[in-house]
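Numbering (our numbering), first residue to last: 306 to 522. No residue lacks a Cβ here, since even glycine has one placed at the ideal position from N, Cα and C. Worksheet: the structure to be examined is printed underneath.
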Ligand code: Z5A
């Protein structure tokens, strides 16, 4: 029987550099001989990409209430799990996911203030039994993360709906993630996201090494 793949999720506040590390990690896993697929949230399926557009860019999405936002992120995730993630894992493929259910716990639960038990129940319904084997949390002071976002090549363009939040929102996001990582320390590894992309990736490589060795045995 083919051994199941592993699900590794990458989390952190906007601008923490996780998407950069996601690409480096995908290459590292492939070079180590693992079959890998890379997906992102919201998105990663036809339905999910349409939901992503509504959540981030579409004028129709402006002013949506937090409850609607929560359900849309969950809808995108439910589709992604069933159409992409679960089938890949069952075939022994590793899955790297740029954001997953912890983003909802932190952004919609902690930062938007929706009730934690409701968010947990909706997350559970969306993912079923599909849980990450490892979650890398990229942690960076809010000012530095925002400075990185502003230095992005597209930073002259208007912020999308999710990026148009005050600094206090991102402070709640950062603390929410750190609290969650402390509560679920078996699954989370907190990575200091300061320094060059190469410095950060050295930390990532060390952090994932035990999982790779265990799978290669
Ligand atoms: N969201 C939610 O609310 N609830 C949910 O359940 C889910 C998501 C799943 C998705 O946006 C939004 O949806 C997000 C959370 C919310 N909103 N906010 N706010 P997205 O998918 O468009 O973007 P993102 O995931 O938030 O992040 P990003 O824009 O892709 O940024 P990043 O992944 O953190 O970083 P990056 O793209 O790798 O780097 C950002 C810039 O910094 C870029 O110019 C890099 O070249 C640079 N960079 C990267 N690393 C470094 C280092 N080490 N030093 C210096 N500069 C660096």
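For residue 307, the secondary structure class from DSSP, reduced to helix, strand or coil, is coil.
For residue 445, the secondary structure class from DSSP, reduced to helix, strand or coil, is coil.
Assigned with DSSP and collapsed to three states, residue 497 falls in strand. The beta-bridge partner set that DSSP reports for residue 342 consists of 400.
Here the region 380-389 lies against the region 429-449, with 3 or more beta-carbon pairs under 8 Å apart. The region 462-478 makes no contact with the region 438-445; the number of CB pairs closer than 8 Å stays below 3.
Ranking 318, 394, 375, 315 by CA distance to the CA of residue 340 puts 394 first. Membership of residue 314 in the beta strand (DSSP E) is indicated by the continuous run 312-317. Taking 8 Å as the cut-off, one finds at least one heavy atom of the ligand Z5A near enough to the beta carbon of residue 361.
Pairwise C-beta distances place the region 449-459 out of contact with the region 405-416, as fewer than three of them are shorter than 8 Å. In this structure, the alpha-carbon of residue 498 lies about 20 Å from that of residue 515. In the DSSP assignment, the residues bridged to residue 440 are 314, 493. Taking every protein chain shown into account, the CB of residue 423 has fewer than 16 other CB atoms within 10 angstroms, so this residue is exposed. With a threshold of 8 Å, the Cβ atom of residue 382 counts as near the ligand Z5A, since some heavy atom of the ligand is closer than that. Under the three-state reduction of DSSP, residue 362 is assigned to coil, being neither helix nor strand.
From the listed residues 421, 483, 465, the smallest Cα separation to residue 447 is found for 483. With respect to the 9 Å criterion, residue 443 and residue 321 are classified as neighbours on the basis of their beta carbons. Non-local C-beta neighbours of residue 427 in its own chain, meaning closer than 8 Å and more than five positions away in sequence, comprise 375, 376, 379, 409, ordered along the chain. Per the coordinates, the alpha-carbon of residue 495 lies some 13 Å from the alpha-carbon of residue 506. Taken from the Cβ of residue 450, at least one heavy atom of the ligand Z5A lies inside 8 Å.
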